[in-house]
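**Q**
Numbering (our numbering), first residue to last: 710 to 785.
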């Protein structure tokens, strides 16, 4: 859900712009990022079995999702 470059981008956005070189990170923003990453990972683990069961019963949605990824990959 969160790739490494997305996490680095979030850290850059939360960096204190008043500090030299942006090396300081605001404490509130850091904890919001930690909470977002942990809750996203927890939701993925919690919902994985349900999504897997649904896709095994409904193969059409799996193929549709792969087709959408294919089209987006070609367009961009």
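For glycine and all other residues, C-beta sits at the position ideal for the given N, C-alpha and C.
Everything numeric in this text was worked out from a predicted model, so none of it was measured.
Taking only the alpha-carbon atoms, compute the straight-line gap between residue 737 and residue 774 and give it to the nearest angstrom.
**A** In a straight line, the C-alpha of residue 737 is about 37 Å away from that of residue 774.
**Q** Any beta carbon from chain B within less than 9 Å of residue 712's own beta carbon?
**A** Absent from the structure: chain B. Only one protein chain is present.
**Q** Can at least three beta-carbon pairs, one atom from the segment 714-721 and one from the segment 739-753, be found at a separation below 8 Å?
**A** Short answer: they touch.
**Q** Residue 723 to residue 742, Cα distance in whole Å?
**A** If you take the alpha carbons of residue 723 and residue 742, they lie about 9 Å apart.
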